[in-house]
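Participant:
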Amino acid sequence: MATEDKPKEPEDSSILVLGVRAHPLRDIYHLFLRVSWPTALGILSAIYLAINLVFALAYWRLGGVANARPGSFQDAFFFSVQTLATIGYGGLYPASRVANVLMTVESISGVFVTAIFTGLVFSKFSIATARIVFSRNMVITPRDGVPTLMLRIGNDRNDSVLDARVRCVVTRTTHTAEGETFYQLVDLPLVRDLAPVLFRSFVIMHCIDEQSPLFGLSAQGLAKEEIEVMVSVSGIDETTKGLVHAVHRYDHSDILFDHRFVDVLTERSDGRMVLDVRHFHDVEPL
């Protein structure tokens with residue numbers, strides 16, 4: 253019987269994808285790497301307990317475990333744990349051919365389980381993750397007389413991201429003379445797209461001149477053309493030396509006209525500079 257293709261919506265996307273079959277276990281390795289550590293440890297613990305329960309049920313039904321209380325599932329379970337983990341305290345041991353065969357199968361399974369679990373945990377540990385923060389809004393404000401699109405990015409860790417490169421791409425809806433609809437991707441040239449050291453705050457700017465795809469567009473124009481701005485940041489983690497990257501999407505409703513970011517950098521009376529990241533997302537009207 254044919255299975256129905258369920259709609260699938262990617263994370264952080266406004267596009268509903270049809271024709272892709274939803275298989276929760278299709279990319280189980282990548283799913284494991286994406287989930288949080290508590291979830292990952294919970295999954296591994298559940299699998300470990302499930303394997304022991306299966307073998308414990310077999311020991312309980314078939315018998316043959318010396319010193320186990322008759323009909324005790326608890327003894328069968330703890331014997332399974334000792335066998336799978338190769339502990340072998342000696343109080344319980346297989347005393348029949350069937351129990352020895354089952355013990356052999358479980359011991360082999362334990363080798364594979366240990367290898368797989370170790371590989372998964374090591375892979376998750378070795379992934380360099382980014383904690384790049386993006387401002388909640390983009391603003392359009394005059395800069396030297398030129399309308400300028402701005403956003404803030406920052407690193408939420410105490411270390412820095414080295415050679416952080418930023419790319420902004422505008423997605424806009426265009427229509428041909430034949431009535432076809434296209435979603436056009438246009439790169440936004442930035443005033444500076446490379447930060448040698450990205451720490452807590454860095455402002456990204458795009459000048460809206462005659463060559464800009466945003467030139468002449470009002471808030472209504474952005475909504476009419478279904479403007480979206482995709483921002484990607486990639487760099488090298490200062491501590492792990494691993495490549496990190498982050499992506500954020502701004503809808504046209506996230507772009508504020510005639511606003512500017514509240515200054516997060518001030519100077520104290522003693523000459524020291526103060527960076528107040530509590531105002532990282534704050535904007536104010538002109």
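Counting with our numbering, you get residues 253 to 538 for the letters of the sequence shown.
Using N, Cα and C, we set each Cβ at its ideal position, and we do this for glycine too.
Should residue 362 be labelled buried (16 or more other beta-carbon atoms within 10 Å of its own) or exposed?
Facilitator: Its Cβ being crowded by 16 or more others within 10 Å, residue 362 is buried.
Participant: Note the first and the last residue of the continuous beta strand (DSSP E) segment covering residue 405.
Facilitator: It spans 398–407 - the beta strand (DSSP E) in which residue 405 sits, taken as one unbroken run.
Participant: Express the C-alpha separation of residue 537 and residue 367 in angstroms, rounding to a whole number.
Facilitator: Distance between the alpha carbons of residue 367 and residue 537 is about 58 Å.
Participant: Once you ignore the five residues that flank residue 427 on each side, which residues in its own chain have a CB closer than 7 Å to its CB?
Facilitator: Once the five neighbours on either side are set aside, the close Cβ partners of residue 427 are 433.
Participant: Can you tell me whether residue 513 is buried or exposed? The criterion is at least 16 other CB atoms within 10 Å of its CB, across all chains shown.
Facilitator: Buried, because 16 or more other Cβ atoms sit within 10 Å of the Cβ of residue 513.
Participant: Under DSSP, the alpha helix (DSSP H) around residue 365 begins and ends at which residues?
Facilitator: Residues 349–378.
Participant: Excluding five sequence neighbours on each side, which residues of the same chain lie with their C-beta closer than 8 Å to the C-beta of residue 508?
Facilitator: Contacts found: 389, 390, 391, 392, 535.
Participant: The alpha helix (DSSP H) that contains residue 295, what's its start and end?
Facilitator: Residue 295 -> alpha helix (DSSP H) spans 289–314.
Participant: In angstroms, rounded to a whole number, what distance separates the CA positions of residue 256 and residue 323?
Facilitator: Bear in mind that the predicted position of residue 256 carries a pLDDT of just 43, short of 50, making it unreliable; the figure below should be weighed with that in mind. Cα to Cα, the separation comes out at about 46 Å.
Participant: Quick one: give me the first and last residue of the alpha helix (DSSP H) that residue 282 is part of.
Facilitator: Looking at the DSSP string, the run of the alpha helix (DSSP H) that includes residue 282 is 280–286.
Participant: Check this for me: beta carbons of residue 402 and residue 456, under 8 Å apart or not?
Facilitator: For residue 402 and residue 456, yes; Cβs fall inside 8 Å.
Participant: What's the call for residue 404, buried or exposed, on a 16-neighbour Cβ count within 10 Å?
Facilitator: Classification for residue 404: buried.
Participant: Excluding the 5 residues preceding and the 5 following residue 379 in the sequence, name in chain order all residues of the same chain whose CB lies nearer than 8 Å to its CB.
Facilitator: Excluding sequence neighbours, residue 379 sits near 285, 494.
Participant: Would you mind reading off the limits of the alpha helix (DSSP H) that contains residue 326?
Facilitator: Per DSSP, residue 326 belongs to the alpha helix (DSSP H) from 325–336.
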